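Peer 1: Residue numbers (the working numbering), protein chains in the order written: chain A, 29 to 367; chain B, 29 to 367. Glycine included, each C-beta is placed from N, C-alpha and C at the ideal position. Just so it is clear, the structure is predicted and the values come from calculations on it, not from any experiment. I'd like to ask you about the structure that follows.
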């Protein structure tokens, strides 16, 4: 399997990206190949020579860099030799079986969608992230690929995230919740209400009905489906709130006693590690005709390593084939523009 | 001032509601009157006789009760003698200057809107809650009154929340952020983009631009404006995440050492108290022609007491007059349906 990695993506590129790729090698086979995409003169000198019987690692030149805050579509047009643009083209030309980037999310989504196209039967791709909660992992889809969701999109996210959750995280018959503002059937906007009807009518879906924001952490669902605007707010709010809360705890501990704060430190570290979504190696762009992972901008080597391993699992488990098969079997389709 | 309180609202009614009302008396004046609305035979025996030179406390009979999970509009139609229906009518007939309920939020919003009507110039009311963060309080509006916001609604929420934040929390020139999925101007859906243009064009608004979910906790804004669907998810997610995180911390501490867990307990309690939104006494329904507070279903006596005091401040500071005046001065209005 050939995995292309954006060597220039994210705040810690290229050092952490290269380190992550190198770390992953021992978990790969000699049939695997890692392709670092970035300015050859910067990346190549940092790549160690491959060991025998291990996955190969090579560099493909992409001299331009798209910054984190550049407007996605415009930057792709202006920088056809950027790592994101080059990777997407490699995927299109079947020169790479998977693409991974911790760079500009909007540019990744736009480029991957444009070059790789959607899977047959998929109307719009969605980004799925895994939230590690005290009650177990919860997959949330979409967290930002599609901010103007139609009901059919939400329905397809639930199907795709279900297959992903089952095959990648071993969740048998995953429970699907639909994000709304109350558990009762009558709650939610028109799009949510129509999506709920679709989910309810699918006999193969373990649909638990509407969920509220708090339910993500209550162990009542394995999958939370929402539109990309809401999902993006959820993702970033969670990040900010966890940071803010630990800041508050630290402050209180220091006010109390330094010694107590020191004792508490390893516990915080353990919690951070245990509930760290970096463990899951980034977010999958579900519904795309290929394997595409988008990592957090602050990704360290460990995230990249985990993303590489996740991409391999996604590819070898043939998740996309399963999605196509499942969607071809369902009778729930878009029959008019409003869906 | 006459303050009507739903004696049957919320999970801890009527005991905690009555207790909260009684607790508030010492902070009120002899010109104030508290009116507990609920089944007379249940409530009256629990109300202590008023002391001289203190606010009076009375009971208005409302024999029916709307449960927390009943469909709002239907329940109001079926139960015209419920506490929520009776209170709303009292407000309409100027028999009460403020209404407070910890009951069914949907029923409260529907009843208050129907009976009290909107302030002149306000298109749709919005619910404002205060999030106490490490960096200071942040007012979020709307958190569930309006799940199909138009740009003009978002704009008016920012105006109303600004006046509220300034006059109730003493924030001079409050910084307004518009919830989106990226800080760049181009980010967000069409409604957010149009609302941003309105906010930008208001010379009296201290508009900081788009914010992301994490920014609520970063001290970059005093007000976060969003549609009621997103705001409701934010509110409930925060609740669930804080609970989940403390559960995780507790679990780790107990795995470690019981003694350490005991030492940490008072710190958790202090944090809970410090960042407890109950301190703010519930959520204000901004834009309604009157003073209406909606409290969390789990409200205890302290929340109700704080809500009573907040309603008095809202009323005496003439927040509504200020909202009407401010909106009458602005040239930003809805000129077509799409706004």
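Does any CB atom of chain B fall closer than 8 Å to the CB of residue 170 of chain A?
Peer 2: no
Peer 1: Fully enclosed by the region 60-104 of chain A, which beta strand (DSSP E) runs are 3 residues long or longer?
Peer 2: Qualifying beta strand (DSSP E) stretches, in chain order: 61-66, 84-89.
Peer 1: Using Cβ-Cβ distances below 8 Å, what residues of the region 88-108 of chain B are close to chain A?
Peer 2: 97, 99
Peer 1: Quick check: the Cα distance between residue 289 of chain B and residue 330 of chain B, rounded to an integer number of angstroms?
Peer 2: 27 Å
Peer 1: Report yes if the C-beta distance between residue 202 of chain A and residue 305 of chain A is below 8 Å; otherwise report no.
Peer 2: Contact: no.
Peer 1: Inspect the CB distances between the region 291-302 of chain A and the region 206-218 of chain A and report whether three or more fall short of 8 Å.
Peer 2: They do not touch, by the three-pair rule.
Peer 1: Check the Cβ of residue 191 of chain B against every Cβ in chain A and list those closer than 8 Å, keeping chain order.
Peer 2: Per Cβ cutoff of 8 Å: no residues; residue 191 of chain B is ~25 Å from chain A at best.
Peer 1: Pairs of beta-carbons, one from the region 141-161 of chain B and one from the region 307-325 of chain B, closer than 8 Å: are there three or more?
Peer 2: yes
Peer 1: Might you give, ordered along the chain, the residues of its own chain that have their beta carbon closer than 6 Å to the beta carbon of residue 189 of chain B, omitting 5 neighbours on each side?
Peer 2: Here residue 189 of chain B has 156, 167, 169, 251 as same chain residues with Cβ atoms under 6 Å from its own Cβ, once five neighbours each way along the sequence are excluded.
Peer 1: Any residues in the region 193-208 of chain A with a beta carbon nearer than 9 Å to a beta carbon of chain B? Which ones, in chain order?
Peer 2: 207, 208
Peer 1: Between residue 308 of chain A and the rest of its own chain, which residues show a CB-CB distance below 6 Å, the 5 nearest in sequence each way excluded?
Peer 2: For residue 308 of chain A, where only same-chain residues beyond five positions count, the Cβ hits under 6 Å are 158.
Peer 1: Indicate the three-state DSSP secondary structure (helix, strand or coil) for residue 249 of chain B in the structure shown.
Peer 2: coil
Peer 1: Quick one: residues in its chain with C-beta nearer than 8 Å to the C-beta of residue 60 of chain A, no 5 flanking neighbours on either side, listed in chain order?
Peer 2: Closer than 8 Å at the Cβ level, and outside the excluded window around residue 60 of chain A, lie 29, 30, 31, 83, 84, 340.
Peer 1: Among the candidates A:181, A:198, A:244, whose CA atom is the shortest distance from the CA of residue 227 of chain A?
Peer 2: A:181
Peer 1: Whole angstroms are fine: how far does the CA of residue 245 of chain B sit from the CA of residue 285 of chain A?
Peer 2: 25 Å
Peer 1: Does the count of Cβ pairs from the region 126-138 of chain B and the region 104-115 of chain B closer than 8 Å reach three?
Peer 2: Proximity of the region 126-138 of chain B to the region 104-115 of chain B meets the contact definition, three or more beta-carbon pairs being nearer than 8 Å.
Peer 1: Counting contacts by CB-CB distance shorter than 8 Å, is residue 245 of chain B in contact with chain A?
Peer 2: yes
Peer 1: Using a threshold of 8 Å, state whether the C-beta atoms of residue 90 of chain A and residue 66 of chain A are closer than that.
Peer 2: yes
Peer 1: Measuring CB to CB, does residue 271 of chain A end up less than 8 Å from residue 130 of chain A?
Peer 2: no
Peer 1: Tell me which same chain residues have a C-beta within less than 6 Å of the C-beta of residue 56 of chain A, skipping the five on either side of it?
Peer 2: 83
Peer 1: Are residue 260 of chain A and residue 172 of chain A touching if we call contact CB-CB under 8 Å?
Peer 2: yes
Peer 1: With 8 Å set as the bound, which would you pick, yes or no: does the beta-carbon of residue 366 of chain A sit closer than that to a beta-carbon of chain B?
Peer 2: Unreliable positioning characterises residue 366 of chain A in this predicted model, as indicated by a pLDDT of 47, which lies under 50. A coordinate reading is not provided.
Peer 1: Only counting runs of 3 or more residues, tell me where the beta strand (DSSP E) segments fall wholly within the region 108-135 of chain B, in order along the chain.
Peer 2: Correct list: 126-129.
Peer 1: Starting from residue 234 of chain A, follow its DSSP beta bridges and name the residues at the other end.
Peer 2: A:203
Peer 1: In angstroms with no decimal places, state the Cα-to-Cα distance between residue 242 of chain B and residue 241 of chain A.
Peer 2: 15 Å
Peer 1: Under the assumption that residue 220 of chain A contacts residue 184 of chain A (Cβ atoms under 8 Å), give the Cβ distance between them as a whole number of angstroms.
Peer 2: Not really, about 15 Å apart at Cβ, beyond 8 Å.
Peer 1: Under the DSSP definition of a beta bridge, which residues are partnered with residue 158 of chain A?
Peer 2: A:167
Peer 1: Grab me the residues of residue 75 of chain A's own chain with a C-beta within less than 7 Å of its C-beta, minus the 5 sequence neighbours each way, in chain order.
Peer 2: 46, 64, 85, 87
Peer 1: Using a Cβ-Cβ cutoff of less than 7 Å, which residues in the same chain neighbour residue 360 of chain A once the five nearest sequence positions on both sides are dropped?
Peer 2: Closer than 7 Å at the Cβ level, and outside the excluded window around residue 360 of chain A, lie 183, 226, 229, 230.
Peer 1: Would residue 49 of chain A pass as a contact of residue 332 of chain A if the rule is Cβ separation under 8 Å?
Peer 2: yes
Peer 1: Report the option in B:296, B:128, B:233, B:41 whose CA atom is closest to the CA atom of residue 279 of chain A.
Peer 2: Residue 279 of chain A has its Cα closest to that of B:296, out of B:296, B:128, B:233, B:41.
Peer 1: Contact check, residue 36 of chain A vs residue 93 of chain A under 8 Å by CB: the rounded distance?
Peer 2: With a Cβ gap of about 5 Å, residue 36 of chain A and residue 93 of chain A count as contacting.
Peer 1: Does DSSP put residue 299 of chain A in a helix, in a strand, or in coil?
Peer 2: Residue 299 of chain A: helix per DSSP, three-state reduction.
Peer 1: With DSSP as the reference, label residue 358 of chain B as helix, strand or coil.
Peer 2: Of the three classes helix, strand and coil, the one that applies to residue 358 of chain B here is coil, per DSSP.
Peer 1: Under a three-way DSSP split, which group does residue 196 of chain B fall into?
Peer 2: If DSSP states are grouped into helix, strand and coil, residue 196 of chain B belongs with the helices.
Peer 1: How far does the beta strand (DSSP E) with residue 311 of chain A in it reach, from first residue to last?
Peer 2: 311-314
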